[in-house]
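Chemist: Numbering (the numbering used here), first residue to last: 1 to 56.
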Amino acid sequence: MGLDDKIQHGAEEAKGKVEEAAGKATDNERLEAEGKKDQASANLKQAGDDVKDAFS
């Protein structure tokens, strides 16, 4: 896994946090849920990369 992947996953997680916060602030449940989904997806990708790194 390269540094580019780590940066991309970190950016995806940050985007999700912003979306979630914006959804909470505007009482937009769809936006809040989208933010949570983006964060979960980024965390899953990061975990997969960590496993790959452990076996490399």
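Don't be surprised by glycine CBs; every beta carbon is placed ideally from N, CA and C. These numbers come from a predicted model, not from an experiment.
If I measure Cβ to Cβ from residue 36 and keep anything under 6 angstroms in the same chain, skipping five residues before and after, which residues do I get?
Modeler: Taken in chain order, the residues that qualify are 20.
Chemist: Compare the C-alpha of residue 39 against each of 53, 52, 18 and 50 and name the closest.
Modeler: The option with the nearest alpha carbon to residue 39 is 18.
Chemist: Among 26, 28, 25 and 49, whose alpha-carbon lies nearest the alpha-carbon of residue 7?
Modeler: Selected option, being the one with the closest Cα: 49.
Chemist: Residue 27 lies in the alpha helix (DSSP H); which residues open and close that run?
Modeler: Counting along the chain, residue 27 falls outside any alpha helix (DSSP H), and DSSP gives it neither H nor E.
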